[in-house]
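A.B. asks: My structure is below; once you've seen it, I'll send some questions.
Protein chains in written order, with my numbering: chain A, 1 to 483; chain B, 1001 to 1511.
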């Protein structure tokens, strides 16, 4: 090949972003390439993660045993997320990790549901998603490999304690050298590329590739191309208050979100506790008020929703909060990190740097962030609360892409998917319908199925799903089986 | 609320586009109270350029429930494993763009990076040795892919080469059996509604006035409804794809039929060769700026392998698409919607995408603007991404000293294509999009087939030791060579499975 392979990679920061990156690079970089992690105090892992099923694929690539991860990270299972209080005080819906219903007569299920609903009782859309139904009932079972079984429609994610998760990642990254250190100075060359990082104790770190996993982007932000695209108008939470509360007797395998006057509350079940997050806007709610809402004490984290214009510039690449920050309202924690690491590996640079690979990386990561952001913004657009926090957020104009997506769904239930979507069609349908966005028309082709036949199929399906969910063990019992 | 459902559809124009639309609508709308009518005139010839197809046609046929052997017999069809491109990089070059991937990923890294690495290490095995469909095509062999996904014999797909006129006739019988009413005659007039400019009705030369809720314009290049009546405008891509004419002529078969289409670069464009059971279809797609009609026809005739069965027929077109392929209550399908030269056999595919997308967005009588917008977004994207792929064939040439080819190499290309080419050249990255008809193996075939070789390969491929890599490469080559040997000759398979009776014409299908 032209250009020499990377000789050394320095990961500054650490935490979940730094260690996911280190563990993955340790797998793919040739043994001769040195990988170092300099752990800064502010990047230390805090709080809990509510993750998508895709993270389990990442563990598979790392050879990271799931039982070990769950044990080390106080993990529980996640079949989806429940959202409460969005379109009214009695509103509540679950977005489950299995597509609702079945493809009847070649037409997407939600059209059949919309049609049945016009005629009368069809239940909630989520009643046709096994993951959602089981989640509400507090039940869990792993997916079946047998495609004829309704259990094959399931998939699941994990709830993980961040600190424990970092410990699990660290244990698989044997060849990675790690040490604590604080960044004193970022040295740029004449072209604005990071040349070295000087630590507080005087050590000078040089590398072919610097990976910035600090919470505030100390390296990438020091380069001339480290501009930040602000998203705080549409996504108003710039503070997260974290606290652990006592474990409930029967925690559901769901992340639970609830609107409050100040913003929203998130509850993530861990083995021995519930990790609770309050997200709020600092100009409307003080940190002390936030602590009071959580019962007196909490760790406060500052956030700034948005992303870098370019996450990768010359020899410095940002992953995690240094690259993008999205308030954790989709239950897709660690997803941006995972896609950043995956794309870095697919576009691995040479020691001399690969500007075209960086441009492609930036295009892909920008698209990925923007599409996930759209789903979070949708949760504000669709909210009906009239508190100042909520009504102010609703006044922000959604992106062209989201406005189009919403208009298409409202018109005739069409789900528009762009390049680099994190969330598949079924996830968007679950969110849109759950948030009360209902199409004016359903697909005319659904009318081919005689109404009585369609109703019978829907009723049968709902019964089958409920029965399958009730046959599963409780979430608590399922966790006991995975010590 | 008044009932706004579509109750009748009028398709204007038969041909491949008209009858594919009629067949698909009659199958997918069956059970709904919707009447489908098609008007066409036997006096107006059909173009039928798209005689070679891509594998998606099999989904289309399967959705209609067509019997493969019967369909092949009635359309004089042969199998197609890919397209051979002759003389596109340099004079004398030949590569096949196959329907299938090369090799298999090793250590999570796409195969071509390993191939590039071996090549830089002195291994000069051509990429095509790692493609079963190419090796089978070169050997004139065919068998359907194995359903066993662990077998190398499952690593390809196939399409057909058929007589488009017979295919239209076949689908006509299918559609008529499902209630589509055909009316013979020419359209004399198109009437628009005063309030919103929707099409209200057409009047036939015989005086009959036919109204409909939804009109499908399959009238060909002229766009009788979409352009002549609704004046939607045309996005002209001549600056990138300057070929504006084609001369077509069938000739007698004199050799075994190849399981692939051939596209041979020529002085002012390229010539196609499509083997059918009963004849060989030939054509010359050219730029009228660079060659006269007479010279093109002479070049076409001079290149025939067997006796010409007719005089060359000249077709005129402009590369590009209607600004709105769906406007008001009119959807244009086929040549009425736009034209991309059949270099990658996409004409019939574009018809298929249009019909499928129309069904996905099937409107009510108001033809909601949202439906039109989404249809036009999807179709424009489809056209643009095929366009880039076609332009690549022209741009990546080393035929210096020929005016037509020098221009193709030197004139600007779309930015979207330049970006893709830069990334490939830099380190073998094939840019991927969600919507894009041609996937990584296709781009690889053309890039490498036309001598665009990356400067560098994926460094992760270095994690596989040299000796292990050499062994893996050999194992893949050997299994492909063996699987190829085991396949029957293309003509033998046709004779066994789907031979048309000699001299037979298309028979109506009984459905």
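Each residue gets a CB set at the ideal place from its N, CA and C atoms; glycine is no exception.
Quick caveat, the model's predicted, so the values are computed rather than measured.
Mapping DSSP to helix, strand and coil, what is residue 367 of chain A?
C.D. replies: In the structure shown, residue 367 of chain A sits in a helix (DSSP, three-state: H, G or I).
A.B. asks: Does residue 1138 of chain B get closer than 8 Å to chain A when you measure Cβ to Cβ?
C.D. replies: No - not a single Cβ of chain A is within 8 Å of the one on residue 1138 of chain B.
A.B. asks: Along the stretch 1455-1484 of chain B, where does the CB come closer than 8 Å to a CB of chain A? Name the residues.
C.D. replies: Under the 8 Å Cβ criterion, the stretch 1455-1484 of chain B contributes 1455, 1456, 1457, 1458, 1459, 1460, 1462, 1463.
A.B. asks: Using a C-beta cutoff of 8 Å, does residue 1433 of chain B count as contacting chain A?
C.D. replies: Output row for residue 1433 of chain B: interface = yes.
A.B. asks: Count the other CB atoms within 10 Å of the CB of residue 1415 of chain B; is the residue buried (16 or more) or exposed (fewer)?
C.D. replies: Label assigned to residue 1415 of chain B: exposed.
A.B. asks: Give me the Cα-Cα distance between residue 1292 of chain B and residue 1340 of chain B, rounded to the nearest whole angstrom.
C.D. replies: Taking the straight line from one Cα to the other gives about 21 Å.
A.B. asks: Looking at the C-beta of residue 1429 of chain B, does it have a partner C-beta in chain A at a distance below 8 Å?
C.D. replies: Answer yes: the Cβ-Cβ gap between residue 1429 of chain B and chain A drops below 8 Å somewhere.
A.B. asks: Taking only beta-carbon positions, decide if residue 175 of chain A is within less than 8 Å of chain B.
C.D. replies: No, its Cβ sits nowhere closer than 8 Å to a Cβ of chain B.
A.B. asks: Give me, in chain order, the residues of the same chain whose beta-carbon lies closer than 7 Å to that of residue 1019 of chain B; leave out the 5 immediate sequence neighbours on both sides.
C.D. replies: 1168, 1171, 1172, 1175, listed in sequence order.
A.B. asks: Would you tell me roughly how many angstroms separate the C-alpha atoms of residue 429 of chain A and residue 99 of chain A, rounded to the nearest one?
C.D. replies: Spanning the two alpha carbons is a distance of roughly 9 Å.
A.B. asks: With 8 Å set as the bound, which would you pick, yes or no: does the beta-carbon of residue 1426 of chain B sit closer than that to a beta-carbon of chain A?
C.D. replies: Interface residue, yes.
A.B. asks: Is DSSP giving residue 1383 of chain B helix, strand or coil here?
C.D. replies: Residue 1383 of chain B falls in the helix class under three-state DSSP.
A.B. asks: Which bits of chain E does residue 5 of chain A rub up against, with CB to CB less than 9 Å?
C.D. replies: Protein chains in the displayed structure are A and B, and chain E is not among them.
A.B. asks: Any C-beta of chain A sitting closer than 8 Å to the C-beta of residue 1123 of chain B?
C.D. replies: No - not a single Cβ of chain A is within 8 Å of the one on residue 1123 of chain B.
A.B. asks: Closer than 9 Å, Cβ to any Cβ of chain B: which residues of the stretch 147-167 of chain A, in chain order?
C.D. replies: The residues in question: there are none.
A.B. asks: Tell me which residues of the stretch 445-463 of chain A have at least one Cβ-Cβ distance to chain B shorter than 9 Å, keeping chain order.
C.D. replies: Within the stretch 445-463 of chain A, the residues whose Cβ lies closer than 9 Å to some Cβ of chain B are 445, 447, 448, 449, 450, listed in chain order.
A.B. asks: Are any of the Cβ atoms in chain A nearer than 8 Å to that of residue 1374 of chain B?
C.D. replies: Yes, residue 1374 of chain B lies at the interface with chain A (some Cβ there is under 8 Å from its Cβ).
A.B. asks: Going straight from the alpha carbon of residue 476 of chain A to that of residue 140 of chain A, what length do you get?
C.D. replies: Rounded to the nearest angstrom, the two C-alpha atoms are 9 Å apart.
A.B. asks: For the stretch 1273-1287 of chain B and the stretch 1326-1337 of chain B, state whether three or more C-beta atom pairs, one from each stretch, are separated by less than 8 Å.
C.D. replies: These segments do not touch.
A.B. asks: State yes or no: is the beta carbon of residue 28 of chain A nearer than 8 Å to at least one beta carbon in chain B?
C.D. replies: Yes, residue 28 of chain A counts as interfacial toward chain B.
A.B. asks: How many angstroms separate the CA atom of residue 143 of chain A from the CA atom of residue 1424 of chain B?
C.D. replies: Going from the Cα of residue 143 of chain A to the Cα of residue 1424 of chain B covers about 39 Å.
A.B. asks: In this structure, how does DSSP classify residue 130 of chain A when only helix, strand and coil are distinguished?
C.D. replies: In the structure shown, residue 130 of chain A sits in a helix (DSSP, three-state: H, G or I).
A.B. asks: When you compare the stretch 359-366 of chain A with the stretch 15-25 of chain A, are there three or more beta-carbon pairs, one atom per stretch, that lie closer than 8 Å?
C.D. replies: In short, these stretches do not touch, since the Cβ pair count stays below three.
A.B. asks: Count the other CB atoms within 10 Å of the CB of residue 1366 of chain B; is the residue buried (16 or more) or exposed (fewer)?
C.D. replies: So residue 1366 of chain B counts as exposed.
A.B. asks: Closer than 9 Å, Cβ to Cβ, to anything on chain B: give me those residues from the stretch 398-427 of chain A, in chain order.
C.D. replies: Those would be 404, 407, 408, 410, 411, 412, 414, 416, 417, 418, 419, 420, 421, in chain order.
A.B. asks: Specify the secondary structure class of residue 43 of chain A as computed by DSSP and reduced to three states.
C.D. replies: Correct three-state label for residue 43 of chain A: helix.
A.B. asks: Which residues in chain B sit within 8 Å of residue 437 of chain A, going by Cβ to Cβ distance?
C.D. replies: Within 8 Å Cβ-Cβ: nothing; residue 437 of chain A doesn't reach chain B, min ~14 Å.
A.B. asks: Does residue 1487 of chain B come out as helix, strand or coil in the three-state DSSP assignment?
C.D. replies: Three-state DSSP puts residue 1487 of chain B in coil, outside helix and strand.
A.B. asks: Once the 5 residues before and after residue 267 of chain A are set aside, which same chain residues still bring their CB inside 6 Å of it?
C.D. replies: Around residue 267 of chain A: 256, 274, 276.
A.B. asks: Chain B partners of residue 99 of chain A, CB-CB under 7 Å?
C.D. replies: In chain order: nothing, as chain B lies at least about 18 Å away.
A.B. asks: With DSSP run on the structure shown, which of helix, strand or coil describes residue 1157 of chain B?
C.D. replies: Coil.
A.B. asks: Identify every residue that forms a DSSP beta bridge with residue 1093 of chain B.
C.D. replies: Beta-bridge pairing links residue 1093 of chain B to no other residue.
A.B. asks: Looking at residue 1327 of chain B: is its Cβ nearer than 8 Å to the Cβ of residue 1226 of chain B?
C.D. replies: A contact, by the Cβ cut-off of 8 Å.
A.B. asks: Identify the contact partners of residue 357 of chain A in chain B, using a Cβ-Cβ distance below 8 Å as the criterion.
C.D. replies: Here the neighbours are 1423, 1426, 1427, 1429.
A.B. asks: Would you say residue 209 of chain A lies against chain B (beta-carbon separation less than 8 Å)?
C.D. replies: Answer no: the Cβ-Cβ gap between residue 209 of chain A and chain B never drops below 8 Å.
A.B. asks: Which residues, in order along the stretch 341-354 of chain A, keep a beta-carbon less than 9 Å from a beta-carbon of chain B?
C.D. replies: The stretch 341-354 of chain A vs chain B, Cβ under 9 Å: 345, 346, 347, 348, 349, 350, 354.
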